[in-house]
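*Asks:* Sharing a structure below in structure tokens format, with a few things to ask.
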Amino acid sequence: MKLGSAERISLLTRYKSRLQSAQATIRERYLAGGDAVRLLQERSQLIDDVLRTLWTELKLPDSLALVAVGGYGRGQLWPASDVDLLLLLPERPDEALAELLEQLVGVFWDIGLEIGHSVRTVEECLEEAANDLTVQTALVEARQLIGNNALFARFTSEFKNILDPQAFFHAKRMEQDERYLRFQESPYSLEPNCKESPGGLRDLQSILWIAQAAGYGNNWQDLERHGFITHQEEQGLERRELFLQRLRIQLHLHVGRREDRLLFDYQTAIAEQLGYTTTLTRRASEQLMQEYFQTAKTVTQLNTILLQNMGAAIFPPPEQTPQGINERFQNTHQLLDVVHENVFQETPGAILEAFLLMQQHSELKGMTARTIRALWRARRLIDDNFRQNPENKARFVDIFKQAKGVLHELRRMNQFDILGRYLPTFGAIVGQMQHDLFHAYTVDQHTLKVLGNLRRFSESEFGHEYPFCSQLICGFDRPWLLYIAALFHDIAKGRGGGHSELGAVDAREFCASHGLCNEDVELVVWLVRNHLLMSNVAQKQDISNPDVLGAFAATVGDERHLTALYLFSVADIRGTSPKVWNSWKGQLLEQLFKQTHRLLLSDGQVPVTQGIIQERQEEALRLLRYFAIPETAHESLWNQLDTVYFLRHSAEEIAWHTRALHYRIDSQKPVVKARINPHGDGIEVMAYTLDQRYLFARLVGFFSRAGYSIMDAKIHTTRHGYALDSFMLLDVSGRESSRDSDRSMISYVEHELTGRLSHQTPPEAPAGGRISRQVKHFPIQPQVTIQPDEKGDLFVLSVSASDRPGLLYTVAMALAGHGANLHTAKIVTLGERVEDTFLISGGDLGNSAGRIKLETELLDQLKC
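Spelled out as structure tokens, the structure:
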């Protein structure tokens, strides 16, 4: 039926009004009661009714069929999802029919439906399905809406004949593996996709698609009837699916379009809409996300179990006599297999034994479906009696002592809820978010990453990554103690109070109850209590200061504790976020380790300042001899440098400065030198010029505009009024091949910066940039303090705030505005958070009113 203009307008008005009114009613009913299943079904039924009446009113030929496919075919329509349709034809359409179908699809769109449609014959459907897994998957859920019954029946019959359950299973598993890779194989992204991420709705849909293709049914009850899951598991799946459905519906309604990512922008609002409330210790969004992560974890568990169970049914293994391992376990096709499904009920201790056997038998490539299923069902047997059993305690500790598979089996234990049940304190941190702006993972995943980093140090195939760490751990007696410390170092997160102290209490109780000797207990507890110490000292204090070094050495006490803490610190920082670790932090930690190690070997004597200076000067002179510099060339520069300079700079830096400046000590033209960082990534820049106001702001603005972030700054003023400033810079511009771009930037930095300093051009503010969404939605309260140093001559300015473009420039301009002299700057960036320390003097800092004014100004500017 071809519509005239007036008829079309009338039809569109009627159906558009009907859709809008009915969808508003469905939405209001959902918001009032929160029934996700009802919303999905009612929206699907509404669209069914509209499409059928339109089909009838437009008098489509009786030979055609209208078919719902994909999610719509399943009878589930999300608030912002497309309506996937197949217009099924007996043969290719002629011109008149093609025009009629085009009109029909246009009407669908014009009344407000977002249509995903295809027009195919049965033969074309089968051809497309044979070559395209997406088409094949959509057609698995085909449902006739209206039209020719015989045509749809023929399609259904022929499609079923070409559907190969084994090929479909294999293709869907590969598709899932590829999808997991896109999401780093982790359900624990802080901004997960509730549909596509591991543990999301797609994992559940994949199970049901495979079940349908194999003839096992199309819902959880069908899988229960086929014996793949128990009634309890079926109910658990329905609960988890319902949670994810509500979450996705709420996202669509809140954003007003199709959006499946739980972005920071939405988490707080969605949490409040779903009934979570903020408490004194936890945000509403953190509670929502913890439930999401626990749901995703359960979904990935059940996905693994069900796919392995269905795979065993779809691909029956060849007959092979199992090889006995002991009276409880056997090797079946290189998989660990229980001798019968009640093994764990009869011998609960076999739960831990299963993971230990996986480590001890390298020929085992995994676990059989029935072993995984039995483990999953037996997890509730782990109670207080189980935990107090000496044999179970011994097995659990043995897992850490094995040469292979420690991380792999602990991850498997966590996946199947065994780890959290054996250690309830660990269970409490599973899925717990960390909005501290530098952890990119949930607490449990960060913990396992730290443990994995420690394990990686000991594996020869990764020895090239961190050779110094690999060397140290190979000589470390009982490295498994480090793994236990890793398990406990953040276990008290979220309880309120100092997590290091609370975690140390948990660690002591665990170690003592698991039979560790006093020496080992002390090391584990000390590591948990002090796991942040070395990174704090290296990044926030002046490690060239003998007093700082002496205090750190006194806390560490001996070489074993120092080595353990160094290894742990590297593993911990690397396990927070890909953004946090860099070669500069590695260099600082290694420098602190080596200096402290040397001090400890000298019987703990705190080095005399003059001795350190003399040692560094002698080493600098030795290096200078390689460049044929006259024996006395250094004197002109060194006579203008004080004790502080030689304490803060290494011998190698002193030699570099001397080579560049010994003949230009009184130069009226600024001297700027840049070089590749000799110890890692980035470049090092030295600027020497007559001291000038706004110098630091000028330098900071220039570096930022050049695409560099300042990792460290050493500011020094010579006795005759010259500024000798050194900066360690990292490229944050995104230029390709950072090392090559650094080389190409050296001449640019030297030339351009010399010109700016020569002409004393006004400081240039850094180019504007976006504040990250994490900072925007989870900001930290900025803190600014100004305290006198121990001697009372200088002041220590400490700034802690969310990172943002131009932050360091803001501080520099404020200092210049108050006439403050900058002596040194310690720049620390922890993910999205900065903790910077400046040693300052002069200006109006001598009176408390001036210091309070500077603090207030900085706080106001950092809040903006």
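Per the numbering used here, the sequence shown starts with residue 182, numbered consecutively. By construction, the Cβ of each residue, glycine as well, lies at the ideal position given by its N, Cα and C atoms. Since this is a predicted model, take the numbers as computed values, not measurements.
Are there three or more Cβ pairs, one per stretch, closer than 8 Å when the region 381 to 392 is compared with the region 481 to 489?
*Replies:* yes
*Asks:* Please go through the region 905 to 947 and give each complete alpha helix (DSSP H) segment of 4 or more residues, from N-terminal end onward.
*Replies:* 919 to 940
*Asks:* Among residues of its own chain, excluding the 5 on either side of Glu646, which ones have a beta-carbon nearer than 8 Å to its beta-carbon?
*Replies:* Arg637
*Asks:* Would you identify the three-state DSSP class for Asp229, choosing helix, strand or coil?
*Replies:* helix
*Asks:* Can you give me the Cβ contacts of Ser885 inside the same chain, cut-off strictly under 8 Å, excluding the 5 residues immediately before and after it?
*Replies:* Pro947, Ala948, Pro986, Gly987, Leu989 and Tyr990
*Asks:* Output the distance between the C-alpha atoms of Ser259 and Thr234, rounded to the nearest integer angstrom.
*Replies:* Looking at the sequence provided, one finds Trp at residue 259 rather than Ser. Answer to the nearest angstrom: the Cα atoms are 22 Å apart.
*Asks:* Buried or exposed for His932, going by 16 or more other Cβ atoms inside 10 Å?
*Replies:* Flag for His932 reads exposed.
*Asks:* Do the region 352 to 364 and the region 325 to 332 touch if we need at least three Cβ pairs shorter than 8 Å?
*Replies:* no
*Asks:* In three-state terms, what does DSSP make of Glu865?
*Replies:* strand
*Asks:* In the structure shown, what three-state DSSP assignment does Ile967 receive?
*Replies:* strand
*Asks:* Please give the ranges of any alpha helix (DSSP H) in the region 503 to 535, keeping only runs that are unbroken, at least 4 residues long and fully inside the region.
*Replies:* Qualifying alpha helix (DSSP H) stretches, in chain order: 524 to 527.
*Asks:* Looking at Ala997 and Arg845, is the spacing between their C-beta atoms short of 8 Å?
*Replies:* no
*Asks:* Which class does Lys1007 belong to by DSSP, given the choice of helix, strand or coil?
*Replies:* strand
*Asks:* Quick one: any contact between the region 366 to 377 and the region 429 to 442, if contact means 3 or more CB pairs under 8 Å?
*Replies:* Short answer: they touch.
*Asks:* Closest by CA to Arg460, which one among Gly936, Ile754, Gly677 and Leu818?
*Replies:* Here the sequence assigns Thr to residue 460, which means Arg is not the residue at that position. Looking at the Cα atoms, Gly677 is the closest of the given residues.
*Asks:* So, is Pro944 buried or exposed, given that buried needs 16 or more other C-beta atoms within 10 angstroms?
*Replies:* buried
*Asks:* Please tell me whether Leu934 and Phe883 are closer than 8 Å, where the distance is taken between their beta carbons.
*Replies:* In this structure, Leu934 sits near Phe883, with a CB-CB distance shorter than 8 Å.
*Asks:* Could you compute how far the alpha carbon of Leu780 sits from the alpha carbon of Ala734?
*Replies:* Straight through space, the alpha carbons of Ala734 and Leu780 are spaced by roughly 7 Å.
*Asks:* Can you find the residues in the same chain that come closer than 8 Å, C-beta to C-beta, to Ser191, ignoring five residues on each side of it along the sequence?
*Replies:* none
*Asks:* Tell me whether Pro499 is buried or exposed, calling it buried when 16 or more other Cβ atoms sit within 10 Å of its Cβ.
*Replies:* exposed
*Asks:* Suppose the cutoff is 8 Å on Cβ atoms and the five residues either side in sequence are ignored; what does the same chain contact list for Gln402 look like?
*Replies:* Glu415
*Asks:* Under the three-state reduction of DSSP, which class applies to Val787: helix, strand or coil?
*Replies:* Note that Val787 has pLDDT 48, beneath the 50 cutoff, so the model's placement of it is unreliable and the number below is only indicative. If DSSP states are grouped into helix, strand and coil, Val787 belongs with coil.
*Asks:* How should Ile292 be labelled, buried or exposed, when 16 other C-beta atoms within 10 angstroms of its C-beta is the threshold for buried?
*Replies:* buried
*Asks:* Which value, in whole angstroms, describes the spacing of the CA atoms of Leu770 and Ser831?
*Replies:* A straight line joining the alpha-carbon of Leu770 with that of Ser831 spans about 15 Å.
*Asks:* Considering just the uninterrupted stretch of the alpha helix (DSSP H) at Ser716, what are its terminal residues?
*Replies:* Leu714 to Lys721
*Asks:* Near Arg255, what residues of its chain come up, given a Cβ to Cβ distance below 6 Å and the 5 sequence neighbours on each side ignored?
*Replies:* Glu322
*Asks:* Based on DSSP bridge pairs, tell me the residues matched to Glu1016.
*Replies:* Ser981
*Asks:* Note down the Cα distance separating Gly505 from Arg210, rounded to an integer number of angstroms.
*Replies:* 59 Å
*Asks:* For the structure I just gave you, are there three or more beta carbon pairs, one from the region 263 to 274 and one from the region 285 to 305, closer than 8 Å?
*Replies:* yes
*Asks:* How many angstroms separate the CA atom of Arg335 from the CA atom of Leu307?
*Replies:* 11 Å
*Asks:* Do you know offhand how far Val286's Cα is from Val587's?
*Replies:* 58 Å
*Asks:* Which same chain residues end up closer than 6 Å to Arg1032 when comparing Cβ atoms and leaving out the 5 residues on each side of it in sequence?
*Replies:* Ile967 and Leu1026
*Asks:* Compute the beta-carbon to beta-carbon distance between Ile610 and Asp625, rounded to the nearest angstrom, for a pair I have assumed lies under 8 Å.
*Replies:* Correct: roughly 5 Å between the Cβ atoms.
*Asks:* Using a threshold of 8 Å, state whether the C-beta atoms of Leu604 and Leu662 are closer than that.
*Replies:* no
*Asks:* On the three-state DSSP scale, how would you describe Arg856?
*Replies:* strand
*Asks:* Which partner residues of Met548 appear in the DSSP bridge assignment?
*Replies:* Looking at the DSSP output, Met548 shares a beta bridge with Leu517.
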